[in-house]
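Trainee: Just passing along the structure, written as structure tokens.
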Amino acid sequence: MQRMMKAAGLALTLAGFAAAPAMAQDLKIALIASKTGPLEAYAKQTETGFMLGLEYLTKGTMTWQGKKIRVIVKDDQLKPDLAKSLLEQAYADDKVDIAVGTTGSGGALAMLPIAAEYKKVLVVEPAVADAITGANWNRYIFRTGRNSMQDAYAGAAALPKDGVVNVAMLAQDYAFGRDGVKAVKDALAQIRPNVNVVFEEYAPQQTTDFTASAQRLFDALKDKPGKKIISIIWAGPHPLPKIADLKPERFGIELAPGGNILPVMKLYKPYPGMEGAVYYYYDFPKNPMNDWLVAEHKKRFNSPPDFFTAGGMAAASAVLTAIQRAGGSNTEKLITAMEGMAFDTPKGTMIFRKDDHQAMQPMYHFRVKKDGKDDNDLLELVQTINESEMPLPIRNKR
């Protein structure tokens, strides 16, 4: 783990780097994110975390291995066709050394063949669809973000080990939601065989009225024996308050919404004791990189870093660590360096699994606090879920 580094210089000025002329010795990185659309908050956090990661690792110099770092940020507007064309533009026209992105799984899946066509490394952050490092994977793809199966194993590990547990799933009706539910069912079968998924409800991404969905979930659970839980997999504006308003507790039903960004998890405050699993929460990891990130983020933005901020920083660390180990940005040397590579992140050390280039990483079992000291003091740590507790399958048929 790296030693604690002090912030050097003033806050990074993105505009200055974007406007700087490309030089032969520049290290050029494309960052593609869905900065327009319903996942805008995720994309902006990724960009913030990525730039902070570069600053931390270069001690504020924004140079690496003797080269000036130039980040070219592109907005795919959550449109898969645009994500694909922007990555092609980055490789063909901008001549980037490496690319990072994108926010939505649809966009990321569209980008994968472009990386193979141009024989350039793509670091996927934060899209989660299992197919990215599974059926649609190619050797140029590395993912620092977690995948649906890692979410699922973490969520399963946060459920009771003993007794009868019945779960009804609510998810969005697209790749993220359906992959997530499938992953949960697969994970439960392996590590929580006492848990039964008795119902699956898929709602359109833009749903605002959850009355009908909630009624179907309640009907599926209310007469079941044992513990009854509605598990929610959702990106964007969260349905938790609307479902809670319909009083599932009258049927003995609990809610398990899972981790999310801080503005969403503030909705959890009225439900102390509620448990789930989360990819990152600023107060959980204890290491120098996270200490710096939390301190600097609070100083600059008057708030702690969030879910996708940590992911962006992890991606920056993976990119710079890989270039250092490869002695440059030659693609074949990068792939050799990155397979099995350990790199520091705000969550601690991650390792790219050689088989499918998925970053192996811990997750966190949380409980909603009863009395947080402020709006962001929301969760207490029940346990760190280590990689060994998540037997992640290899599905890329390499």
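Numbering (my numbering), first residue to last: 368 to 765. Ideal placement from N, C-alpha and C gives every residue a C-beta, glycine not left out.
Check V488 in the structure and name its three-state DSSP category.
Mentor: coil
Trainee: Check whether the Cβ atoms of A496 and D553 sit closer than 7 Å, and answer yes or no.
Mentor: no
Trainee: Would you decide whether S696 is buried or exposed? Buried here means 16 or more other CB atoms lie within 10 Å of its CB.
Mentor: Buried.
Trainee: Just verifying my parser: in three-state terms, what is the DSSP assignment at S684?
Mentor: Helix.
Trainee: To which residues of the same chain is G404 closer than 6 Å at the C-beta, ignoring the five residues directly before and after it?
Mentor: Q444, L445
Trainee: For G643 and A477, what's the separation of their Cα atoms in angstroms?
Mentor: 31 Å
Trainee: Could you give the uninterrupted runs of the beta strand (DSSP E) lying entirely in the segment 422-468, keeping only those of 3 residues or more?
Mentor: 434-442, 465-467
Trainee: Which runs of the alpha helix (DSSP H) spanning at least 4 residues fall entirely within the segment 477-521, listed in chain order?
Mentor: Counting only runs of at least 4 residues, the segment 477-521 fully encloses no alpha helix (DSSP H) element at all.
Trainee: Would the segment 553-568 count as touching the segment 516-528 if we require 3 or more Cβ pairs under 8 Å?
Mentor: yes
Trainee: Determine the DSSP secondary structure at Q573, reduced to helix, strand or coil.
Mentor: coil
Trainee: May I ask which residues mark the beginning and end of the beta strand (DSSP E) holding T751?
Mentor: 746-752
Trainee: Can you tell me the Cα-Cα spacing of A693 and G420, whole angstroms?
Mentor: 19 Å
Trainee: Let me know if D448 comes out buried or exposed under the rule of 16 or more other beta-carbons within 10 Å of its beta-carbon.
Mentor: exposed
Trainee: Quick check: what's the CA-CA separation for K441 versus Q691?
Mentor: 25 Å
Trainee: With the cut-off set at 7 Å, would you say V534 and G593 are in Cβ contact?
Mentor: no
Trainee: Measure the C-alpha to C-alpha separation of K395 and I465 and round it to an integer number of angstroms.
Mentor: 7 Å
Trainee: What residues are listed by DSSP as bridge partners for H724?
Mentor: Partner(s): none; H724 has no beta bridge.
Trainee: Which value, in whole angstroms, describes the spacing of the CA atoms of V467 and A475?
Mentor: 10 Å
Trainee: Which first and last residues belong to the beta strand (DSSP E) in which R734 is found?
Mentor: 730-735
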